[in-house]
Every structure is written in structure tokens, then in C-alpha cells.
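Engineer: Mind having a look at this structure? Questions to follow.
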Amino acid sequence: MPGNYENVNVTEQIINQKPTSNIEQNFYDYFPEFESLLIRKMNLYKIEFEIEPYLSVPLITPKYVLKIIRNDFGDVFRNYNIFDCRSVEEYEMGHVVGASLMSERAARKKFTLAGSNSILIFYCEFSSKRCKQIISIIQKVNTKGIREGKSLLYPNLAIIEGGYCNFYKQYPHYCDPRGYLTEQEAYRNYLMKNKF
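To convert, count from 1 in the sequence shown and add 377; that's my numbering.
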């Protein structure tokens, strides 16, 4: 089942690439000296989180994502970008407030310009596949930069635990608009539109 349907573009083509080696899949296992500044800050402020084992990035609960959005931590997590990795149809029916659709040109530009101190937070419906595909590509960029002796481009990556489904159940009033279209429903709508 495709993640984006009619609006296939460069981003979707990139995220469909497969990691070619373990070094791109478990970046921080191979480069522990570049431990995420985000992880260090979260430990300092006693924010509960788990590490996603495949990508070695923190899974943040909706509760703490909301605190970041509301600036409850002051300047500590002030610079952040949230990326929705679902289809256009799913995004338009409802997304985390302030989130950019990863597949749109504006989102790609914002992603490219994000500084090394920015927190990049990703999610898809359940944060189980689509957002992880995108993060694996970012880890490739990080790996390439380190091999070339450059600084880490994107050190602060995180995933919303349970994805939009989990966030919407807990904080629907922080979704814009306040709605939730599943991937299955979006795909069914796509098939209905393209029926011969």
C-alpha cells in the first residue's frame, strides 16, 4: 500500500531507497562520540523516553511533544521542526499543530535550512514505517558527512511514540484541523477516485 498516492515527488523517491549497510541503520552505535544533544538534554531534564533500536533515536511521548510545542522548557527546546510523513490526504484531514508535510516543497526547504541545534521531530500514522524510512535517509547524510570529516548535520532527531494516532487520541485540540484519516481510508479513497 503506497504512502503517498497522487503527489509522488522527489522526497517520496528518496525515502523508498533502502539502507545499504548497518552503518547507516545504527548511526550512533558506530559514532558514539556524536551522541544526540537532544538525548543529553532530555536526560538532564529527566524527560522519559525510549530509544528506537533500529535507528538509535529517541521516541518521545505525545505529552512531551506537547510541552515542546507550548515552550514549557523555555529556550532549551525552542528550536524545533515537526514533520508529518503521511500522505497529503491524511495530512489535510488533521496533523499536529505546526507540522509540515514532508513531501511538500516548503517542508523540504524548511528541513534543508534546519540548523544543527534544531530538534527534528517526525511521525507518521503509528510511527512504525514511513517516518523511519525518512530518518534512515537522514542518517545516511549524517554518515556521509562524518566520513568526509564534516560536522554532524542533523544531530537531534526524534520520533513521536505511537505516531499521529497516539497524539490525536490524547490531544485532539492540538491537531489542525481536528481530524484523523487513517492510511487505509486514504488508500480506499484513492482507489474510489481512480476507478475505471
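Glycine is no exception: its CB is placed at the ideal position from the N, C-alpha and C atoms.
1) Per DSSP, which residues does Y500 bridge with? Please list them.
2) Mind checking which residues open and close the alpha helix (DSSP H) that includes P439?
3) What separation, rounded to the nearest whole angstrom, lies between the Cα atoms of N393 and L497?
4) Let me know the secondary structure DSSP gives A535 once reduced to three states.
5) State the beta-bridge partners of P435 as determined by DSSP.
6) Given a cut-off of 9 Å on the beta-carbon distance, is the pair V474 and D553 in contact?
7) Run the CB neighbour count on E560, radius 10 Å, all protein chains shown included, and call it buried at 16 or more, exposed below.
8) Give me the residue from K517, I515, I514 and G471 with the minimum Cα distance to E502.
9) May I ask you to report which of helix, strand or coil DSSP gives V473?
Structural biologist: Reading it off the structure:
1) In the DSSP output, where bridge partners are listed per residue, Y500 has D461.
2) Counted as a single uninterrupted DSSP element, the alpha helix (DSSP H) harbouring P439 occupies residues P439 to I446.
3) Unreliable positioning characterises N393 in this predicted model, as indicated by a pLDDT of 40, which lies under 50. A coordinate reading is not provided.
4) strand
5) I428
6) yes
7) Buried.
8) G471
9) In the structure shown, V473 falls within a strand segment according to DSSP collapsed to helix, strand and coil.
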